[in-house]
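Trainee: Encoded as structure tokens, here's the structure I'll be asking about.
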Amino acid sequence: WTPSESCFAKTARVLTVGCPVRAAFAQAGREEGLRRFDLDPARRTLLITGASQGARSINRAIALILDKLRRFDDWQYLHLAGPDDVQTLQNAYKGASLSANVLAYTDDMPAALAVADLIVMRAGASSLAEVTATGVPAVILPYPHHRDRHQYANASMLTDVGAAIVVNDGIQADKTAASLSAALLSLMADADRLAEMSQAATRLGESIASEKVTDMLFALCGRRPDGQHKGEKLLHEQAERSENRVAEKGDSRAGNSIEVAA
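Mapping of the sequence shown onto our numbering: position 22 corresponds to residue 14, and the numbering continues sequentially without gaps.
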């Protein structure tokens, strides 16, 4: 059973495949990423991102706590700030005498995650899939203004297994900053906990979701692609479990359709 199955009818045959991520996330290397972003290989890296457009509330909260982060002279910062806050944040890091590369945006998230020892982020589903695929511990500030608060539900998948900490992104920047500071000061000083969180994220990650989807689609149309079928055996086993679950319900309405959960 997976949490995604609760979103479907109890009689549905559900195959949970995970959220596909690009192969580049498994292929990216730390050394290449350090060169890509001009970072120091002797330091650990905190990656901060508010998704493709940045997140001003996260940027402001980080700017308010930079002085507190000065105690970590073995850390550096890769901050994806969005186009409007780059100059402000560059000045803030410089004023705090912190080693940082502040960018508006990067299209090379595989390289960014390859260098990250910890990430501050939103909780979009694809972003979380990338984080678990690469085993990066996370401090998550779910976007707070969605009516259904679905990013909190997304984040709970990581917090429930110890791969992440959630910080509420509130209206008042100083309160958000205080909570974010507490989380970062604790984690950045605790290499053992970061290692445990990384292992938890890796266990949650799904590395062959795209293969599962591809194999399932070929199976449904009665064809098979050439080459290896990494996901086929797992899909078959999961399908059997799903069918058994439906049978145990004893519901004659169960049909032959299959619904796919990310």
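Where is the CB? At the ideal position from N, CA and C, for every residue including glycine. As the structure is a prediction and not an experimental result, all values here were calculated from the model.
#1: Quick check: what's the CA-CA separation for E251 versus F0?
#2: Out of curiosity, what's the CA-to-CA distance linking R245 and K2?
#3: Could you check whether V158 and L172 sit closer than 7 Å to each other, using their CB atoms as the reference points?
#4: Between the segment 38 to 51 and the segment 185 to 195, can you find at least three pairs of beta-carbon atoms closer than 8 Å?
#5: Return the Cβ separation of Q291 and D32 in integer angstroms, given the expectation that the two are a contact with Cβ distance under 8 Å.
#6: Tell me, please, whether the segment 75 to 83 touches the segment 4 to 17 by the rule of three or more beta-carbon pairs shorter than 8 Å.
#7: Is the Cβ-Cβ distance between P134 and Y144 less than 7 Å?
#8: Who are the Cβ neighbours of P136 in its own chain at under 6 Å, not counting the five residues just before and after it?
#9: Relative to the alpha-carbon of L90, which residue among L61, E24 and A175 has its alpha-carbon at the smallest distance?
#10: Once DSSP output is grouped into helix, strand and coil, what is the label at H142?
#11: When you compare only the Cα positions, how much space is there between T(-6) and R195?
#12: Within 10 angstroms of its Cβ, does G242 collect 16 or more other Cβ (buried), or is it exposed?
#13: Below 6 Å CB to CB, which residues in the same chain sit around D59 once its five sequence neighbours on both sides are set aside?
#14: CB P102 to CB A201, shorter than 7 Å?
#15: Rank A53, I57, R63 and L110 by C-alpha distance to the C-alpha of L70 and give the top, closest one.
#16: Quick one: Cα of A4 to Cα of V205, how far?
#17: In chain order, what residues of the same chain have a beta carbon less than 8 Å from the beta carbon of S249, not counting five sequence neighbours either side?
Mentor: Working from what's here:
#1: Residue placement at E251 is poorly supported in this model, since its pLDDT is 48, which falls under 50; the coordinates are not used for a value here.
#2: Its pLDDT being 36, under 50, R245 is placed unreliably in this model, and the coordinates cannot settle the point.
#3: no
#4: no
#5: Because the chain is modelled from -7 through 254, residue 291 falls outside the range shown and cannot be assessed.
#6: no
#7: Yes. Within cutoff.
#8: Cβ within range, chain order: D161.
#9: L61
#10: helix
#11: 14 Å
#12: For G242, the predicted model reports a pLDDT of 49, less than 50, meaning its position is unreliable and no value from the coordinates is stated.
#13: A88
#14: no
#15: When each option's Cα is compared against that of L70, the closest is L110.
#16: 18 Å
#17: Summary for S249: the model assigns pLDDT 40, below 50, so the residue's position carries little reliability, and this model does not support an answer.
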